[in-house]
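Undergrad: FYI, our numbering numbers position 170 of the sequence shown as 1634, with every residue one higher than the one before it. Ideal Cβ positions, reconstructed from N, Cα and C, are used throughout, including at glycine. Here you go, one structure.
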Amino acid sequence: MNISRRKTSLRFGATLAALGAALAVAGCGSSSSPPKAAAAASRSAQQVQQVRLEIQTSGPGHAEWPRYVPADFTVHAGVPVRITIVNHDGGTAPLSAAMQMYDAVAGGEETLNGARVTTVENKKVAHTFTIPELGINAVIPAAPEGSTNTVTFSFTPKKAGTFEWHCYAPCGEGKEGMSGAMSTSGWMEGRLTVES
Ligand SMILES: [Cu+2]
1465 MNISRRKTSL RFGATLAALG AALAVAGCGS SSSPPKAAAA ASRSAQQVQQ
1515 VRLEIQTSGP GHAEWPRYVP ADFTVHAGVP VRITIVNHDG GTAPLSAAMQ
1565 MYDAVAGGEE TLNGARVTTV ENKKVAHTFT IPELGINAVI PAAPEGSTNT
1615 VTFSFTPKKA GTFEWHCYAP CGEGKEGMSG AMSTSGWMEG RLTVES
């Protein structure tokens, strides 16, 4: 009886050890798979480069000039970019006849307060975000009084380089509205740097 019991308990012990080893292996396998999947998901979520710009109507330097903040920013080539532009400027600056092609979105997809748009009525235009060298044009309508509006513009930069962007709505000073903020880097023009 004693011997038999010892054998049983040994066998039981061996079974437990084997079970423990199996659990350890299973634990290893099952704990490594989900994190891999989670990492892939978060990597794909990060595959859109988010940039946030604000069009402000007051700030240091030239208190009355509208400006994009920041004016200079950097993204990576080959990865989709979504630029979110929050416009605080309620003033309109309809495009001149020579610039009226910039009331149409080009080179990417635009939304205004969540709805897809392809053009903005010229009399409502406040600013544009335009990179002629890349064929990119986003149109920003004037904000409702006392409020803001939000434009998103999505595109994928293909080549590395430094590209100047401009606003082509005459929101500056002077007879044509093209001086002041319109001709000053850091206000209505700036640089997009695309790194490879
Ligand atoms: Cu402007």
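Do you know how far the Cα of Lys1639 is from the Cα of Glu1573?
TA: For this step, residue 1573 is matched to residue 109 along the sequence shown. For this step, residue 1639 is matched to residue 175 along the sequence shown. Taking the straight line from one Cα to the other gives about 33 Å.
Undergrad: Which of the three DSSP states, helix, strand or coil, is assigned to Gly1491?
TA: Reading the sequence shown from its first residue, position 27 is the one you call residue 1491. Any reading at Gly1491 must be qualified, since the residue scores a pLDDT of 39, below 50, and its modelled position is unreliable; the value itself is stated next. The answer is helix: DSSP assigns Gly1491 an H, G or I state.
Undergrad: Please classify Arg1531: is it buried, with 16 or more other beta-carbons within 10 angstroms of its beta-carbon, or exposed?
TA: The residue you call residue 1531 lines up with position 67 of the sequence shown. Result: buried.
Undergrad: Can you tell which of Arg1546, Gly1571 and Lys1587 has the C-alpha that lies nearest to the C-alpha of Ser1560?
TA: Working through the sequence shown from its first residue, we reach residue 1560 at position 96. It is Lys1587.
Undergrad: Between the C-alpha atoms of His1540 and Gly1554, what's the straight-line distance to the nearest angstrom?
TA: For the purposes of this step, residue 1540 is identified with residue 76 of the sequence shown, where counting begins at 1. For the purposes of this step, residue 1554 is identified with residue 90 of the sequence shown, where counting begins at 1. Rounded to whole angstroms, His1540 to Gly1554 spans 32 Å at the Cα level.
Undergrad: Look up Met1642 in the DSSP assignment and say whether it is helix, strand or coil.
TA: The residue given as residue 1642 occupies position 178 in the sequence shown. Of the three classes helix, strand and coil, the one that applies to Met1642 here is coil, per DSSP.
Undergrad: Would you say the stretch 1587–1607 touches the stretch 1631–1648, given that touching needs at least three Cβ pairs under 8 Å?
TA: Contact between the stretch 1587–1607 and the stretch 1631–1648 is present, because at least three Cβ pairs lie under 8 Å.
Undergrad: Which residue's Cα is closest to the Cα of Pro1596: Thr1626, Gly1578, Arg1580 and Glu1609?
TA: Walking along the sequence shown from the start, residue 1596 turns up at place 132. Nearest of Thr1626, Gly1578, Arg1580 and Glu1609 to Pro1596, Cα basis: Thr1626.
Undergrad: Within the stretch 1523–1549, note down every full alpha helix (DSSP H) run reaching 4 residues or more, in order along the chain.
TA: For the stretch 1523–1549, not a single whole alpha helix (DSSP H) run of length 4 or above is found.
Undergrad: Between the alpha carbons of Phe1537 and Glu1585, how many angstroms are there, rounded?
TA: Taking the sequence shown and counting its residues from 1, the one referred to as residue 1537 is at position 73. Taking the sequence shown and counting its residues from 1, the one referred to as residue 1585 is at position 121. One C-alpha to the other measures close to 28 Å.
Undergrad: For the beta strand (DSSP E) containing Trp1629, list its first residue and its last residue.
TA: Residue numbering aside, residue 1629 sits at position 165 when the sequence shown is read from its first letter. Element bounds for Trp1629: Gly1625 to His1630.
Undergrad: My understanding is that Gln1513 touches Val1543, with C-beta atoms under 8 Å, so please give their C-beta distance in whole angstroms.
TA: Against the sequence shown, residue 1513 aligns to sequence position 49. Against the sequence shown, residue 1543 aligns to sequence position 79. Yes, Gln1513 and Val1543 are in contact; Cβ-Cβ is about 6 Å, under 8 Å.
Undergrad: Would the beta-carbon of Thr1612 fall within 7 Å of that of Val1533?
TA: Looking up residue 1612 in the sequence shown gives position 148. Looking up residue 1533 in the sequence shown gives position 69. Result no, Cβ atoms of Thr1612 and Val1533 do not sit closer than 7 Å.
Undergrad: In whole angstroms, give me the CA-to-CA distance for Thr1717 and Ala1557.
TA: Because the chain spans 1465 through 1660 in this model, residue 1717 falls outside it and cannot be assessed.
Undergrad: Measure the Cβ-Cβ separation of Ala1590 and Ala1606 and say whether it is below 7 Å.
TA: Here residue 1590 refers to the residue found at position 126 when the sequence shown is read from its first residue. Here residue 1606 refers to the residue found at position 142 when the sequence shown is read from its first residue. Result yes, Cβ atoms of Ala1590 and Ala1606 sit closer than 7 Å.
Undergrad: Would you kindly work out how many angstroms separate the C-alpha atoms of Gln1564 and Ala1570, rounded to a whole number?
TA: Along the sequence shown, read from residue 1 onward, the residue named residue 1564 stands at position 100. Along the sequence shown, read from residue 1 onward, the residue named residue 1570 stands at position 106. Each residue's Cα considered, the two are about 13 Å apart.
Undergrad: Compare the Cα-Cα distances from Leu1576 to each of Thr1614, Gly1641 and Gln1511 and report the closest residue.
TA: The count along the sequence shown starts at 1 and reaches residue 1576 at position 112. Here the closest residue by C-alpha is Thr1614.
Undergrad: What are the start and end residues of the beta strand (DSSP E) that includes Ala1590?
TA: Sequence index remark: in the sequence shown, residue 1590 carries index 126 (1-based). From DSSP, the beta strand (DSSP E) with Ala1590 extends over Val1589 to Ile1595.
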